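Engineer: Each position in the sequence shown, counted from 1, maps to that position plus 3 in our numbering.
The beta-carbon is built from N, C-alpha and C at its ideal position, and this holds for glycine as well.
Predicted model, so just to flag it, every value in this text is computed and none were measured.
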Amino acid sequence: MFFEVLVAAAIIGLIAGGKFSSLGRMNIKYIYLIVLAYLIQAGIDIGAARYDFWGYPYLHIISYIVLIFAMYKNLYLPGMNYILGGTVMNFAVIALNGGRMPVRADVIPAKMAETLAAGHGGTHGLMTEGTRLAFLADIFHITLPYQEQLISLGDIIINIGVLILIILGMKRSC
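Spelled out as structure tokens, the structure:
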């Protein structure tokens with residue numbers, strides 16, 4: 004869903020008279036921390052498919068703390084308040100559920116449910132009756148022509164912020 008939001012924002016930004024070159028002039032502080040946090044999360048998902056490591060949930064929480072710090076330092080950017088808010092929502096549900104984002108078992112493929120039930124879901128885990136802040140978990144099912152996704156309320160808020168950031172970032176120097 005994130006890729007689709009980036010494409011939509013770029014198209015809207017161009018229609019509104021923005022330029023891609025303006026994005027290159029954005030003054031994003033601590034961008035290396037944002038990249039590091041996403042690399043950690045990708046590493047967890049890749050590693051969990053092959054290796055059983057007790058530290059994955061802790062690394063996931065640490066990656067969110069790093070993200071939140073970097074986003075806080077960039078609150079002056081348009082839309083960053085939404086991105087930070089959505090990230091904090093995701094962090095809250097992850098931190099209160101053992102370092103994994105809960106997902107609804109009734110809307111995921113059976114193979115994925117088996118993987119999550121076996122504890123090999125990396126950054127994700129199955130939602131249970133004991134799930135805290137379940138309304139912030141990955142509960143929204145989206146079917147695109149080429150893939151299916153589960154997203155959270157936090158993801159929706161983040162995507163709104165990304166739209167704002169890209170569109171306004173293309174219109175002016177940030």
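Determine the extent of the alpha helix (DSSP H) in which His123 is found, giving its start and end residues.
Structural biologist: Working through the sequence shown from its first residue, we reach residue 123 at position 120. Unbroken run through His123: none, as it is neither H nor E.
Engineer: For Asp141, which option in Met130, Lys174, Pro148, Gln150 has the closest C-alpha, if you only look at C-alpha atoms?
Structural biologist: Within the sequence shown, residue 141 is the residue found at index 138, counting from 1. When each option's Cα is compared against that of Asp141, the closest is Met130.
Engineer: Report the three-state DSSP secondary structure of Asp55 (helix, strand or coil).
Structural biologist: Taking the first residue of the sequence shown as 1, we reach residue 55 at position 52. Asp55: coil per DSSP, three-state reduction.
Engineer: Please name the residue, chosen from Pro60, Asp55, Leu39, Ile49, that lies closest to Ile71 on a Cα-to-Cα basis.
Structural biologist: Numbered from 1 along the sequence shown, position 68 holds the residue referred to as residue 71. The candidate whose alpha carbon is nearest that of Ile71 is Leu39.
Engineer: Mind checking which residues open and close the beta strand (DSSP E) that includes Glu151?
Structural biologist: As a working mapping, residue 151 is identified with position 148 in the sequence shown. Taken as a continuous stretch (DSSP letters only), the beta strand (DSSP E) holding Glu151 covers 150 to 154.
Engineer: Can you find a C-beta in chain D that's less than 7 Å from the C-beta of Ala45?
Structural biologist: The structure shown contains no chain D; it holds only a single protein chain.
Engineer: Could you tell me which whole beta strand (DSSP E) segments of length 3 or greater appear in the region 83 to 126?
Structural biologist: Complete beta strand (DSSP E) runs here, min 3: 104 to 106.
Engineer: Can you have a look at Ile180 and say buried or exposed, based on whether 16 or more other CB atoms are within 10 angstroms of its CB?
Structural biologist: Since the first residue shown for the chain is 4 and the last is 177, residue 180 is missing from the structure and cannot be characterised.
Engineer: Please identify the residue among Thr90, Ala52, Leu80 whose C-alpha is closest to the C-alpha of Ile68.
Structural biologist: As a working mapping, residue 68 is identified with position 65 in the sequence shown. Ile68 has its Cα closest to that of Thr90, out of Thr90, Ala52, Leu80.
Engineer: Check the DSSP bridge columns for Ile145 and list the partner residues they point to.
Structural biologist: In the sequence shown, counting from the first residue as 1, residue 145 sits at position 142. Paired residue(s): Gln152.
Engineer: Tell me where the alpha helix (DSSP H) around Gly16 begins and ends.
Structural biologist: In the sequence shown, the residue the question calls residue 16 occupies position 13. Unbroken alpha helix (DSSP H) run through Gly16: 5 to 18.
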